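For the sequence shown, our numbering assigns the number 24 to the initial residue and increments by one for each residue that follows. Have a look at the structure below, then the notes.
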Amino acid sequence: MSGLRLRIVVKGAVQGVGFRPFVWRLAQELDLGGHVRNEGGAVIIEVEGLRTAEFLTRLGQEHPRSARVDQVAFEPCEPLGESAFNIRESRQGSRPDVIPDLATCPDCLRELFDPASRFFGYPFVNCTRCGPRYSILERVPYDRAHTTMAAFAMCAACRAEYDNPGDRRFHAQPTACPACGPALSFSDASGAILDASPLKLAAAALREGLILAVKGLGGFQLLVDATRADVVARLRQRKHRPDKPLAVMTRDLAAAQLCAHVSPQEAELLQSPAAPIVLVASKAGALAANVAPGLLEVGLMLPTTPLHHLLLRAVEFPVVCTSGNLSEEPLCIDNAEALQRLGVVADRFLLHNRPIRRALDDSVARVIDGAPQVLRLARGYAPLLLPMAGPPAIAVGAHMKNAPAIRVEDRAILGQHVGDLENTLALDALRQTAADLRQFFHAVPEAAACDLHPDYGSTRFAAELGLPVLPVQHHAAHALACLAEHGLDSALAVVWDGTGLGPDGSVWGGEFLQIRGTRFSRVAHLLPFRLPGGDAAARDARRALSGLEGAQGPSAPLCSSVGRLFDGFAALLGLCGPQSYEGQAAMLLEAAVAPQRADAYALPLADGQLDWRPMLAAARKERETGVAAAKFHNALVEAILAVARTVGEQRVALCGGCFQNRYLTERALRRLREAGFAPVIPRRVPPNDGAIALGQLAALTGDADVPCRARPH
Ligand code: ZN
Ligand code: ZN
Ligand code: FE
């Protein structure tokens, strides 16, 4: 064969997503010789023939949607006269990436509802472009024998597809069909198997208003009819979750649009392979009012597995879909464990016999300022790989929304959301997640990083590792995580959250940090106030208010937390007293904001401190709650602008849990841009404590010259 031979290197999320069979088919179609193989984290292609240019163009345009192509590099090489095209096995010693689970792809979905397909109605259909990955992985390399599918022997039809390079199921490790794969079962809370048609019974249970536990992709979920306030109330009562918003699953995008205002970008995010819960503006009356009480947004998601597609099409209503755990405990993943632990919550169980190897909560994301942002990084996103230079290391995260991270070969790998480290089960989950990351990515850490707070469970875990441990100040870690994601090494970081130990021993949380590499200086902060009960104050917004009012003696700890400032103002405006979930007062205060107001309370900056006292006095006299809430938010935004002008750094990073507040974040971004600044927010990692481990890793440069990263210079 004559023509050109090209060597093409494709980087990005290109392994385990059907990329090689796609390349094989394209090469066949264009009559090209050569081969394709995985190497390291990349796909290497050599093609030879007359239509190599067309191949390059279509490679970029037509690749599977579950793949993410970051970079395509190519160079001509010596033609070998090859006319056949092969998929080569990965080279010895090469390490294909461990990749996240993927929601059902359009092709599998078609087969699922096609009566002529052998996958018709099969709840576990999948292919190289979709299906379970990380949730079923036992060990690497990713191969059927190393997953929980090992126990299922492929039938002849499945084997033939698995072996055919032209098939969508070529090397689809979890492939299965009704003849050879996992199957459903249905039971009551006692574990007694009830009937031979589990899906029908499950749908009937939902229609009757019962609480259904479903074994999903990354763990059990609890489902109820989302249009009935009485059954939602029963779920809340049994789960001990009085107010925290619940996510809702709809059968498809059209059904989602009946419940909420879904923008085209939000629709894209809902339908993406990660298929997260997406926060969208709810429509009044479409769902029971107690799904997301007092809030303007609701978390929606589309079916993530064939099982969910089948179940949601069997009922005529959207369903609440919340994690199958008791509050504060990790997700249940095992049938027996679920029956035991969730028996007090669920009336019925929709089970199956494909084991889940690790718990992955549903991820949460949203579109903000015109682009997606992850708020909880779990199913579909974890493990997340980002470039980050530095020595091999491990970081253990903070206390809330914990997630560990490792670094190996100049890449940081952030693990899935573990949760709040409130009990030994959660700490065990942290240990296991860290162990998984080390094993799967062949990491041999030389150092560990943890939070500066000595009493966090994660900090004690770091001490057990037998490595040199670097404590990293909490808000510096927030800032470094955001900068690492954007590849920046300096910025003014506005880090606002609920709590984090400062190097001076007080509680920080309203910080302006100037970052240079891994050093930081605290250029401004919220005027500190005394917080009765310390961290426990987060559970009752009125405590923060009494702290702001100066009713506290000198024994109460000092704090500069904007999160607690939000609490205090919510209490002042009568929006919240005791909080039954983290962030409740702040979310209610945001929801109360009167739209289209530009005026703001005075929040003067003096000696590097933002003095909230005039704002407190003015809010007390305000007659309308909505106006007070707007002027409070606007004051915070203007304060950001004032500090940014003083510091004069063009790059401004907004991070910390307070920037989960949409109004605050979008307004701050707009005002900063209008004033000529270049603001950034975390996008691929959460703005909250879920990203702390990434920032801790970034602080571990291995550079002996940096004196102490735990303290400002
Ligand atoms: Zn598929
Ligand atoms: Zn089969
Ligand atoms: Fe934080």
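Each residue gets a CB set at the ideal place from its N, CA and C atoms; glycine is no exception. These figures come from a predicted structure and were not determined experimentally.
Placement of the Cβ of Cys203 at a distance of less than 8 Å from at least one heavy atom of ligand 2 is found. Taking Arg182 as reference, the option from Thr171, Tyr624, Pro197 and Asp474 with the minimal CA-CA separation is Pro197. Every residue whose beta carbon comes nearer than 5 Å to a heavy atom of ligand 1 appears here in chain order: Cys128, Cys131, Cys150, Arg152 and Cys153. Taking 8 Å as the cut-off, one finds at least one heavy atom of ligand 2 near enough to the beta carbon of Cys178.
Judged by the Cβ position, Asn711 qualifies as a neighbour of ligand 3 at the 8 Å threshold, a heavy atom of the ligand being closer than this. Per DSSP, reduced to three states, the secondary structure at Cys203 is coil, with no helix or strand assignment. Using a cutoff of 8 Å, the CB of Ala199 counts as near ligand 2, since one of the ligand's heavy atoms is closer than that. Rounded to the nearest whole angstrom, the CA to CA distance from Leu493 to Glu469 is 11 Å. Checking the 8 Å criterion, the Cβ of His498 is within range of a heavy atom belonging to ligand 3.
If you check the C-beta of Thr482 against ligand 3, you find no heavy atom less than 8 Å away. Boundaries of the beta strand (DSSP E) around Cys473: Ala470 to Asp474. Take Leu258, set aside five residues on each side of it, and the residues of its chain with a beta-carbon closer than 7 Å to its own are Ile234, Leu245, Val247 and Val343, in chain order. Counting along the chain, Phe592 sits inside the alpha helix (DSSP H) bounded by residues Val585 to Leu595. Note on the region 156-242: whole alpha helix (DSSP H) runs with a minimum of 4 residues are 179-186 and 221-230, in chain order.
Glu52 and Ala435 have their C-alpha atoms roughly 38 Å apart.
Counting along the chain, Pro99 sits inside no alpha helix (DSSP H); it lies in the beta strand (DSSP E) bounded by residues Arg91 to Cys100. From the listed residues Leu135, Glu534 and Val338, the smallest Cα separation to Ala249 is found for Val338. Under the criterion of beta carbons closer than 8 Å, Leu240 and Asp166 do not qualify as touching, at roughly 20 Å.
In its chain, beyond the 5 residues on either side, Tyr604 have a beta carbon closer than 6 Å to the beta carbon of Lys267. Taking non-hydrogen atoms of ligand 2 into account, the C-beta of Cys181 is found less than 8 Å away from one of them. With respect to the C-alpha of Arg364, the residue from Glu291, Leu349 and Leu596 having the closest C-alpha is Leu349.
About 5 Å separates the beta carbons of Ala428 and Ala418, which is inside the 8 Å limit, making them a contact pair.
Listed as beta-bridge partners of Pro138 by DSSP are no residues whatsoever.
The three-state secondary structure of Thr345, taken from DSSP, is strand. Collapsing the DSSP output to three states places Ile379 in coil. For Glu613, the enclosing alpha helix (DSSP H) has its first and last residue at Gln607 to Ala614. Put simply, the region 652-660 touches the region 621-632. At least three CB pairs are less than 8 Å apart. Judged by DSSP in its simplified three-state form, Asn61 adopts strand. Between the region 503-512 and the region 480-491, the count of Cβ pairs shorter than 8 Å is below three; the stretches do not touch. Apart from the 5 residues on each side of it in sequence, Leu310 sits with its Cβ closer than 7 Å to the Cβ of Ala249, Thr250, Val271, Cys282, Val321 and Pro341 in its chain, given in chain order. Nearest neighbour of Ser106 by Cα position, chosen from Ile122, Gly26, Ser89 and Tyr185, turns out to be Gly26. Under the DSSP assignment, Glu320 falls in the beta strand (DSSP E) whose first and last residues are Glu320 to Met324. The continuous alpha helix (DSSP H) containing Thr482 extends over residues Gly480 to Glu487. Asp478 counts as exposed, since fewer than 16 other beta carbons sit within 10 angstroms of its beta carbon. A Cβ-Cβ separation of about 3 Å places Ala500 in contact with Gly718 under the 8 Å criterion. The region 134-149 makes no contact with the region 396-410: fewer than 3 CB pairs, one atom from each, lie closer than 8 Å.
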